[in-house]
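Reading through the structure tokens given below for one structure.
Right, dumping it as structure tokens:
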């Protein structure tokens with residue numbers, strides 16, 4: 260029975276050392292790689308796309324809008340604060356800026372327009388669904404508002 264008891268103590272690490280040494284005084288080394296696990300690295304996505312929404316009140320706001328479009332940021336413009344003639348001038352200006360950078364434009368509503376740089380395509384989900392296609396990517400085969408073909 261004594262050997263069974265010794266084996267049980269050895270199994271749980273309570274076996275007495277035969278040479279009388281304290282186990283902590285020996286030259287035993289622990290394998291630290293088994294004790295310390297590396298932390299999971301958190302990846303920060305600095306590559307997020309920001310859409311800037313504008314409600315211009317004067318035509319001169321078109322400079323800020325086109326500046327952000329040139330920086331590669333999509334812009335959504337709501338013209339409800341402008342007179343119709345001012346809104347037409349502003350959209351004409353932004354269309355020229357978008358054309359210069361190979362961008363895209365889509366009319367979203369009566370007075371709402373989306374402009375994107377050339378690196379961001381616009382997909383009309385309703386049009387794709389009416390054709391019976393399933394949307395699986397954000398890539399669009401639709402011709403942009405203005406095309407250089």
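In this note's numbering, the protein residues as written are 260 to 408.
All C-beta atoms in this analysis are idealised placements derived from N, C-alpha and C, irrespective of residue type, glycine included.
DSSP three-state assignment for residue i, whether helix, strand or coil
i	result
residue 268	helix
residue 338	coil
residue 318	coil
residue 328	helix
residue 311	strand
residue 350	helix
residue 323	helix
residue 262	helix
residue 355	helix
residue 344	helix
Residue closest to residue i, alpha-carbon to alpha-carbon, out of the options
i	options	result
residue 377	354, 368 and 371	354
residue 384	359, 374, 365 and 369	365
residue 318	363, 265, 345 and 335	345
residue 310	321, 333 and 356	333
residue 362	330, 262 and 338	330
residue 315	271, 270, 263 and 348	348
residue 342	357, 324 and 370	370
Residue(s) in a DSSP beta bridge with residue i
i	result
residue 375	363
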